[in-house]
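Student: Taken in order, these protein sequences are the chains called S and B.
Each residue of the first sequence is one higher than the one before, counting from 1 in our numbering.
Each residue of the second sequence is one higher than the one before, counting from 1001 in our numbering.
The structure under discussion is supplied below as structure tokens; questions concerning it will follow.
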Amino acid sequence: MTETENGKSKKTVADMIEQVVESKQPDYTQSTETVRLTPEQEKARGRRNVVIALSLVGFMVAVFAITVVRLSQNIAAGVAS
Amino acid sequence: MTPSNHRAEGEAVSTASPRDYFDLMKPRVMTLVVFTAFAGLIAAPVDADPFLAFMSILCLAVGAGAAGALNMAYDADIDATMQRTRKRPIPRGVVSVANAYGFGVVAAILSVLLMALASNYLAAGLLAFSIFFYAVIYTMILKRSTPQNIVIGGAAGAFPPMIGWVAVTGEISLDAFILFMIIFLWTPPHSWALALYKSGDYAAANVPMMPVAKGAGSTRLQILLYSIVLVIFAGAPVLTELGGAVYAATSLGGGALFLLLAWRVYRSRAGEAGSAEEGALYAVRSGDKAARDLFAYSIGYLTVLFAALIVEHAFGAYVAIPGVG
């Protein structure tokens, strides 16, 4: 974070990168340690996983449905002409 | 493996719920985005496929939410210092900055891709540009550097009705531009009314909002001037026949009340006592009541303007005004 002449704070790209790196979770792949989750953390992770799964399924269904609707429109337009 | 090899009780593992990620998307802003986009889509002179229209609105909502998440990721430092924003998911420590960036970027990409599929490339391009404009131009560049931040940045919030229009017509017309301009002109008096009674919050965070940078008096005058321009411009849809009698009456009555409240703000001493102590959005010191009233009313004003267009175009209530057009 840098201070400008009029005292306002301004973020640099380096600040942003540092902010992301600092907030990153530890790299467990380089360690033999494992993570033991608390029941609360397990429950939260489970809920997040369910929502991610539903979102992915929703996205696939949306792409499929849009494709079908647009194909139908194009076929109908082709028949009409 | 011994127990000592385990990280103590899963440290650094998130307890964020899906609700926390939903909060990252600024649901209140998303509601207004969906509503104004729907108005633009309905007012367009094209019969849209209901499913594709629904998907376009959904993409807009997710795209706006993605921009909100990127904004919260970048502004986590100042959100933590402001009473109004310190309960957001990142300052509370339940979502990390990196996860918020990741969530925002993925949601932005998926929403733009789906928009291209459901409507057209122009609408998808406008959606991508509006996300970029809000997350980068406004959040990363303007917000911390100029008191004109929300004047220029307001363009990001003005895109939804235009995108809704373009999603079904495939082109940017004068009417779409008018809808864009109404929200663009509405943003300064709306945002500055809030900034007047939360100026201490912005000052503490070093954000140069107009009351902090130029003072409360100058801000009150600018609110009044922008309000006059807004209320006059809000009549433009009547001239292009986008709005009929219902819209004209709403614009006239709503605009008169808007001007009255803006005048009261101008005549008040709002913004001179600093911020309200508590963080609630509508918490206010007695001297700032006029600013709080204008802030609250401005949301209602924009809502009824666009609701009038929806009523006229979706429910057959359009009555042309004789001698116009």
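Idealized CB from N, CA, C, for every residue including glycine.
Assign S/Thr34 to one of three DSSP states: helix, strand, or coil.
Tutor: Correct three-state label for S/Thr34: strand.
Student: At the 7 Å Cβ level, is S/Glu40 part of the contact set with chain B, yes or no?
Tutor: Yes, contact with chain B.
Student: Show which residues of chain S have a CB atom less than 9 Å away from the CB atom of B/Leu1127.
Tutor: By Cβ distance, chain S contributes nothing, its closest Cβ being about 15 Å from B/Leu1127, past 9 Å.
Student: So which of B/Gly1323, B/Arg1267, B/Phe1258 has the shortest CA-CA distance to B/Ala1296?
Tutor: The shortest C-alpha separation from B/Ala1296 is found at B/Phe1258.
Student: Once you ignore the five residues that flank B/Asn1099 on each side, which residues in its own chain have a CB closer than 8 Å to its CB?
Tutor: Excluding residues within five positions, the ones whose Cβ falls inside 8 Å are Ser1014, Ala1016.
Student: Give the range of the alpha helix (DSSP H) segment to which B/Pro1208 is assigned.
Tutor: Unbroken run through B/Pro1208: none, as it is neither H nor E.
Student: If contact means a Cβ-Cβ distance below 8 Å, which residues of the segment 1041-1056 of chain B contact chain S?
Tutor: The residues in question are Asp1049, Phe1051, Leu1052, Met1055.
Student: Should B/Val968 be flagged as near chain S, meaning a C-beta pair shorter than 7 Å?
Tutor: Because chain B is modelled from 1001 through 1325, residue 968 of chain B falls outside the range shown and cannot be assessed.
Student: Using 8 Å as the cut-off, can you tell me whether the segment 1131-1147 of chain B makes contact with the segment 1203-1214 of chain B, which would need three or more C-beta pairs spanning the two stretches below that distance?
Tutor: Contact between the segment 1131-1147 of chain B and the segment 1203-1214 of chain B is present, because at least three Cβ pairs lie under 8 Å.
Student: From the DSSP output, in three-state form, read off B/Thr1240 for me.
Tutor: If DSSP states are grouped into helix, strand and coil, B/Thr1240 belongs with coil.
Student: Tell me the residue span of the alpha helix (DSSP H) that contains B/Ser1111.
Tutor: Taken as a continuous stretch (DSSP letters only), the alpha helix (DSSP H) holding B/Ser1111 covers 1097-1118.
Student: Taking a cut of 9 Å between CB atoms, which residues from the segment 64-75 of chain S lie near chain B?
Tutor: Here the close residues are Ala65, Ile66, Thr67, Val69, Arg70, Gln73.
Student: Would you verify that the beta carbon of S/Val20 is, or is not, closer than 7 Å to some beta carbon of chain B?
Tutor: For S/Val20, the answer is yes, since a Cβ of chain B falls inside 7 Å of its Cβ.
Student: For B/Met1030, count neighbouring Cβ atoms within 10 angstroms of its own Cβ and tell me buried if that reaches 16, exposed if not.
Tutor: Buried.
Student: Is it the case that the CB of B/Ile1042 approaches a heavy atom of the ligand GDP more closely than 6 Å?
Tutor: You won't find the ligand GDP in this model; it holds no ligand whatsoever.
Student: Taking Cβ positions only, does S/Val61 come closer than 7 Å to chain B?
Tutor: False, the Cβ-Cβ gap to chain B never drops below 7 Å.
Student: Among B/Glu1241, B/Ser1056, B/Leu1302, which has the Cα closest to the Cα of B/Gly1323?
Tutor: Among B/Glu1241, B/Ser1056, B/Leu1302, the Cα nearest to that of B/Gly1323 is on B/Glu1241.
Student: Would you call B/Ser1199 buried or exposed, if buried means 16 or more other Cβ atoms sit within 10 Å of its Cβ?
Tutor: When all chains shown are included, B/Ser1199 counts as buried.
Student: Would you call the CB atoms of B/Ala1067 and B/Val1097 closer than 7 Å?
Tutor: Contact flag unset, no.
Student: Suppose you measure from the CA of B/Ser1004 to the CA of S/Gly58; what does that come to, to the nearest Å?
Tutor: Low local confidence applies: a pLDDT of 40 at B/Ser1004 is under 50, so the model's placement there is unreliable, with the coordinate-based value given in what follows. Cα to Cα, the separation comes out at about 42 Å.
Student: Note down, in chain order, all residues in the segment 1095-1120 of chain B with a beta-carbon under 7 Å from any beta-carbon belonging to chain S.
Tutor: Those residues of the segment 1095-1120 of chain B that come within reach of chain S (Cβ to Cβ, closer than 7 Å) are Ser1096, Val1097, Ala1098, Tyr1101, Leu1110, Leu1114, Leu1117, Ala1118.
Student: Could one say the Cβ of B/His1006 lies closer than 7 Å to chain S's Cβ atoms, at least one of them?
Tutor: Residue placement at B/His1006 is flagged as unreliable, the pLDDT there being 43, under the threshold of 50; a coordinate-derived value is accordingly withheld.
Student: Buried or exposed for S/Gln100, going by 16 or more other Cβ atoms inside 10 Å?
Tutor: The structure shown does not extend to residue 100 of chain S, since chain S spans only 1 to 81, so no value can be given for it.
Student: From B/Glu1277 to B/Ala1064, what does the alpha carbon distance come to, in whole angstroms?
Tutor: Low local confidence applies: a pLDDT of 49 at B/Glu1277 is under 50, so the model's placement there is unreliable, with the coordinate-based value given in what follows. Each residue's Cα considered, the two are about 30 Å apart.
Student: Once the 5 residues before and after B/Val1033 are set aside, which same chain residues still bring their CB inside 7 Å of it?
Tutor: These residues qualify, in order along the chain: Leu1060, Ala1061, Ala1064, Pro1160.
Student: Can you tell me whether B/Tyr1121 is buried or exposed? The criterion is at least 16 other CB atoms within 10 Å of its CB, across all chains shown.
Tutor: Exposed, since its Cβ has fewer than 16 Cβ neighbours within 10 Å.
Student: List the residues of chain S that B/Val1136 touches, going by C-beta distances under 8 Å, in chain order.
Tutor: Here the premise fails: no neighbours, minimum Cβ distance about 11 Å.
Student: Counting along the chain, where does the alpha helix (DSSP H) carrying S/Arg45 start and finish?
Tutor: 39-80 is the span of the alpha helix (DSSP H), which, as asked, contains S/Arg45.
Student: Report buried or exposed for B/Gly1157, applying the criterion of at least 16 other Cβ atoms within 10 angstroms of its Cβ.
Tutor: Answer is buried; the Cβ neighbour count reaches 16.
Student: What does the alpha-carbon distance come out to for the pair B/Arg1086 and S/Thr67?
Tutor: B/Arg1086 and S/Thr67: Cα-Cα distance of roughly 43 Å.
Student: Give the residues of chain S in contact with B/Thr1015, contact being defined as C-beta atoms less than 9 Å apart.
Tutor: By Cβ distance, chain S contributes Thr38, Glu40, Gln41, Lys43, Ala44, Arg45.
Student: Which residues of chain B have a Cβ atom closer than 7 Å to the Cβ of S/Val51, listed in chain order?
Tutor: Within chain B, the residues near S/Val51 are Pro1018.
Student: In the DSSP assignment, find the alpha helix (DSSP H) that holds B/Pro1147 and state where it starts and stops.
Tutor: Taken as a continuous stretch (DSSP letters only), B/Pro1147 belongs to no alpha helix (DSSP H), as it is neither H nor E.
Student: Would you mind reading off the limits of the alpha helix (DSSP H) that contains B/Thr1036?
Tutor: B/Thr1036 -> alpha helix (DSSP H) spans 1027-1043.
Student: In terms of residues, what are the limits of the alpha helix (DSSP H) holding B/Glu1312?
Tutor: First-last of the alpha helix (DSSP H) with B/Glu1312: 1289-1314.
Student: Could you tell me the distance, in whole angstroms, from the CA atom of S/Val69 to the CA atom of B/Val1046?
Tutor: For S/Val69 and B/Val1046, the distance between alpha carbons rounds to 17 Å.
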